[in-house]
Structures are given as C-alpha cells and as structure tokens.
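Q: Below is a structure I'd like to ask you about.
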Amino acid sequence: MEKLDKYFGGYPSQNKVARLLFSHGIKVIDGKAFCGEIVQSDSAIGRAAKVDRRVVRTTLERISSIPELDSIYSKLECMLSMEDLAPEIGCSTIKIIPTDAKMSGIVSGITDILYRHGLSIRQAAVDDKGDREQSVLTVVIDGTVPPELIPELRASRGVSSIILKVKEKV
70 MEKLDKYFGG YPSQNKVARL LFSHGIKVID GKAFCGEIVQ SDSAIGRAAK VDRRVVRTTL
130 ERISSIPELD SIYSKLECML SMEDLAPEIG CSTIKIIPTD AKMSGIVSGI TDILYRHGLS
190 IRQAAVDDKG DREQSVLTVV IDGTVPPELI PELRASRGVS SIILKVKEKV
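Going by my numbering, the first residue of the sequence shown is number 70, and it counts up by one from there.
Laid out in structure tokens, this is it:
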C-alpha cells in the first residue's frame, strides 16, 4: 500500500508492523491494536512481525497520530476464512488466480459458472493483502467440485489458473 511507504518508508521495522496489521485486518484505535474486540499485545504483534515490542508501540502510536492512517486502520476488520476448514465441514475450496486483478467481471464469471452447475457458495472472498497485483479469489462451495467444472472455470475470462482443495471422503 502506497500510503504505508509514504509514512513508514524510512522506518523498515515500523513498516513491517504496519503491513502485518493491515494484512491481518488488525484495527488500531487510540494506539491499541484489536482483532475484533480482543486487544492484541505489543509483545504478541512484535513476535509475529519479528521486531521488538517497542517498535510495535511506536508504530501503533504513530498510526493513531496521523489522521490519514488513523482513518484507515480504525476501520479494519478481521474476517473468518473458511478455506482451510472447508474439508471439515463438507465443502471444497476453489482459488482463482487472475491474469489481471484489475479486470472487471472475473467474480461474476466464476459465480455464473457455479450457479449454472447448481453449486451453493458458502463463502467468496477476494484477498489482496494490500497489493492488488497479488489478488486471489477464494470460493468455498458446498460438496465437491464436479470434474467437468474445472476446464470451464479455467477458461473463464480473466482466469490465469485455479487451485482446488476438495472435500475429503469420510
């Protein structure tokens, strides 16, 4: 995210913390970090970012003191991803890697194909971790992915590749 480079370009350790917070949707309010309503400790964030807790404290205070950053970080939210638990609940996961993440209509093309095959979507999320060039569409569907669906998904407009995680038979 360009705004982070603007404010943390000369502070690589703080930049690392700011990017970690952003990529995980960790909200910052009044110099405190939250995952939902749960306060996150400076030490825990520091361990995750591999920096000293004092760097975390400085970063959180800086974010809250800069209106442009405060208006972004105060609105972040964590979101449940069903991707890894899909097999446990009888679902399959389809990850779509786009040819160009800025291309419109990729999500509608994929959901149209799923609809025509009578598949129910449990979750669909586009994740870019702050870097649009790295965007990935993850779709969790009820049941298994029919084999005939794979070439159709692969041929959909804007799709570079697909990765499947299918429901395991019990």
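Ideal Cβ placement from N, Cα and C applies to all residues, glycine included.
So, is Cys160 buried or exposed, given that buried needs 16 or more other C-beta atoms within 10 angstroms?
A: By the neighbour-count criterion, in which a residue is buried when 16 or more other Cβ atoms sit within 10 angstroms of its Cβ, Cys160 is buried.
Q: Enumerate in chain order the residues of its own chain whose CB-to-CB distance from Ser133 is below 7 Å, with the five nearest sequence positions on each side excluded.
A: In its chain, beyond the 5 residues on either side, Val97, Asp99, Gly100, Asp139 have a beta carbon closer than 7 Å to the beta carbon of Ser133.
Q: Would you be able to state if there are at least three C-beta pairs under 8 Å between the region 105-115 and the region 171-181?
A: no
Q: To the nearest angstrom, how far is it from the Cα of Val228 to the Cα of Val208?
A: 14 Å
Q: If you drop the 5 nearest sequence neighbours on each side, which residues of the same chain put their C-beta closer than 6 Å to that of Ser230?
A: Result list for Ser230: Ile166, in chain order.
Q: Can you give the beta carbon distance from Ile190 to Leu222, rounded, assuming they're within the 8 Å contact cut?
A: Not really, about 13 Å apart at Cβ, beyond 8 Å.
Q: Which first and last residues belong to the beta strand (DSSP E) in which Arg191 is found?
A: 190-196
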